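Step one of this worksheet: look at the structure below.
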Amino acid sequence: MNDLLDPLLLARWQFGLTTVYHFLFVPLTIGLATTTAIFQTAWVRTAKVEYLRITRFFGSIFLINFAMGVVTGIVQEFQFGMNWSEYSRFVGDIFGAPLALEGLLAFFLEATFIGLWIFGWNRLPQKLHLATIWVTAVGSIVSAYFIIAANAWMQNPVGFEVNAERGRAELVDIWAVLSNPVALAAFPHTIAAAFMVSSGLIITAAAWHLSRNQHLDTMRPALKFGLWAMVVSGALTTFFGDQLSLAMVATQPMKMAAAEATYDTVCGADASFSIFTLGTPDGTNELFSIRVPYLLSLLSTHSLDGCVEGINDLQAQYTELWGPGDYTPIIWVTYWAFRWMIGLGMAHVLVAVVGLWLTRKGRMPKQKWVWKVAIWSFPLSLGAMIVGWVFTEMGRQPWIVFSQMFTESAVSPNVTGLDVLISLTAFTLIYGILAVVEVRLIIRAVRKGPPEIGAPDPETGRVEQPSTVY
C-alpha cells in the first residue's frame, strides 16, 4: 500500500498523464495554423471559392484544438508548484525565463491575432485579414521554440551557475539557454513532426468525405495537399531527427546507449542497430534479433567506424563523477519507445506514398479498404510524437535536470501520496470528460464538412460569408 501511495511515483504518473494529454493538441495546433494560412493564401491569390471553403473547414478544427490546448496547458503550470516544488525552487530562475518569453511574446501574438482572424471576416481588408492568421501561425511556432528551449535546458543545462548558499541554479546567460544545441536540434525535428500530425488529420478528414463521394471539389485538393505534406514533413522529420541524435550523443550518451540496449562499447560493424529483438525486457539476454550492421555507429557519429559508448562503461563514468547510484533509465521503455517512434512515423509516410500513387492523375481508388486505411491512419504520426516524448523524458532518468538534480529530489516534500492521488484522480476524470468533448467536437466538425459559400459577386469579387468561423 505504501508503494501505491508513493508521492514520487504518483507525481510522475500525474505529470505523464497531463503532459501527454496536453501534447495531443500541440502538434495539431501548430500544423493546422500554418495549413489554414496556406489555404487562405491560395484563396486570396486565386479567388477560388474551393480554397476558402477548405480554409474555413480546417480553421474550425484548428480553433477547437487551440482552445483545448490552452485549457490543458494551464494545468502544467500548476503542477510544477504543486507536486514539484523542489524542482521549481531549484530551476525557477532559469526555467521561468523562456516560459515568460513564451507567455508575453509568443502566446500574446497567438491570442491577439487569432481573435482578429476569428472576428475579422468581412470586416478587415482581405490581405490584412490573411496576415492575422500568418502571425498566429508564426506565434504558435515561436511559442514552441521557447517551450523546447526550456525542456532542452533539462536535457543539457547551460548558461547558469549554482548558488550554493541558496541551493538553486541561477541564470547568467539567457542567450546560452535560447541557443542550447539540444534546443536548436530538437526544434525543427518537433515542428516537422507536428506537420506530420496535422497532415494526417487532413488525410483522414478528406478521405472520409471522398469515400462517401462528398465535397469532391474541396476534398480532392485537400487530400493531395495532405499526402504531399506528409511525405515532405516525414522526410524533414527524419533529417532533423538525425541531427538531434548527434546532439543527444554529445550531451546524453546514456540515452542513446539505452535506446539500443547497448551494454558494452561497440565500434564499426559491431555498432549495429536492431530493427526487432526478442529477449529479456532490459536487453541483457537476446534470443533473436534483426540487425543492420554499422547503422548505430552511423546514427550516433555519422561514421561507419565510429564508437558508441555502452551502458556499463557510462555507468562507471557517472559513478566516478557523481557517486554511487544507478544512472541507467528503464531500458525496455527507451528501447521500444525509440522504435515505435520511428516505426509509426514511417508507417504514416508509407500510407501517404501509396496514397499519392493511387490518386495520381486525378484517379480515385474504388476499393473501400483503401479509404479505411487512410481514415484510420491518423493515430500513427500522433502516436509517434507521443512515444518520442516518452523516449526523450524517460531516457533522461534518473535525472530531472541532467547532471544537476535527480527526479526523486524534485518532488514536493510536504505533499503526501494521498494528496497526489486525489489530484491525479480528479485530473483523470476531468481530462476524460474533456477528451470526450474534444473528440466529439472534431468528429462533428469533420462530418459537417466545409461550409457552403456562394460565388463571388461579379462586380466586386466579394464573397459573402458568415462573419465568424462558425
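Residue numbers (my numbering): 20 to 489.
Note that beta-carbon positions come from the ideal geometry of N, C-alpha and C, so glycine has one too.
Being a predicted model, the structure only gives us computed values, none of them experimental.
Assigned secondary structure, E189 (DSSP; H/G/I helix, E/B strand, else coil): strand
Alpha-carbon to alpha-carbon, G407 and V458: Using only the alpha carbons, I get a separation of about 23 Å.
Neighbourhood of A211 by C-beta distance below 7 Å, restricted to the same chain and skipping five residues each side: S252, L255, T256, F259
Cα-Cα separation between Q145 and F126, rounded to whole angstroms: 24 Å
Every unbroken alpha helix (DSSP H) within the stretch 106 to 183, with a cutoff of 4 residues, ordered by chain: 126 to 138, 145 to 174
Straight-line gap, W194 to I294 (C-alpha atoms, nearest Å): 39 Å
Check whether L43 and L401 have beta carbons under 8 Å apart: yes
Inter-residue Cα distance where the pair is G78 and D112: So the alpha carbons of these two residues sit roughly 37 Å apart.
Buried or exposed (CB count within 10 angstroms, at least 16 for buried), T281: buried
Buried versus exposed call for K274 [16 or more other C-beta atoms within 10 Å across all chains shown]: buried
Member of I361, V250, A454 whose CA lies at the smallest distance from the CA of V372: Considering only alpha carbons, the answer is V250.
Where Y489 falls: helix, strand or coil (DSSP): Reliability of the predicted coordinates at Y489 is poor, the pLDDT of 48 falling under 50, and the value obtained from them is presented with this limitation in mind. Three-state DSSP puts Y489 in coil, outside helix and strand.
DSSP bridge partner residues for R310 (one or two, in chain order): S293
L120 burial status per 10 Å Cβ neighbour count (16 or more: buried): It counts as buried.
DSSP-derived helix/strand/coil call for V327: strand
Span of the alpha helix (DSSP H) around W418: No alpha helix (DSSP H) contains W418, which is instead part of the beta strand (DSSP E) from 418 to 420.
Every unbroken alpha helix (DSSP H) inside the stretch 327 to 371 [4 residues or more]: Every alpha helix (DSSP H) stretch that sits fully inside the stretch 327 to 371 and reaches 4 residues is listed by chain position as 330 to 341.
Simplified DSSP assignment, three categories, for M404: helix
Same chain only: Cβ atoms within 7 Å of Q334, ignoring 5 sequence neighbours per side: Y346, T347
Sufficient close CB pairs (3 or more, under 8 Å) joining the stretch 171 to 188 to the stretch 407 to 422: Short answer: they touch.
Residue from G374, K385, G381, L29 with nearest C-alpha to I221: G374
Cβ shell of N232 (< 6 Å), same chain only, five flanking positions each side left out: none
Start and end residues, alpha helix (DSSP H) containing V392: 387 to 395
Where I80 falls, given that 16 or more other Cβ within 10 Å makes a residue buried: buried
Where T426 falls, given that 16 or more other Cβ within 10 Å makes a residue buried: buried
V434, enclosing alpha helix (DSSP H) - first and last residue: Unbroken run through V434: none, as it is neither H nor E.
Nearest residue (CA-CA) to V196, options L118, L229, A183: L118
DSSP-derived helix/strand/coil call for F44: In the structure shown, F44 adopts coil according to DSSP, grouped into three states.
Among V368, T151, W395, nearest to I133 - alpha-carbon criterion: Sorting V368, T151, W395 by C-alpha distance to the C-alpha of I133 places T151 at the top.
Sheet register partners of F425 (DSSP bridge): W418
Identified DSSP bridge partners for V285: Looking at the DSSP output, V285 bridges to V327.
Neighbourhood of L27 by C-beta distance below 8 Å, restricted to the same chain and skipping five residues each side: So the qualifying residues of the chain are T426, E427, V430.
Which of helix, strand or coil DSSP assigns to P200: helix
Contacts around L443, its chain only, beta-carbon distance under 8 Å, and the 5 residues preceding and following it disregarded: L29, W32, Q33, L36
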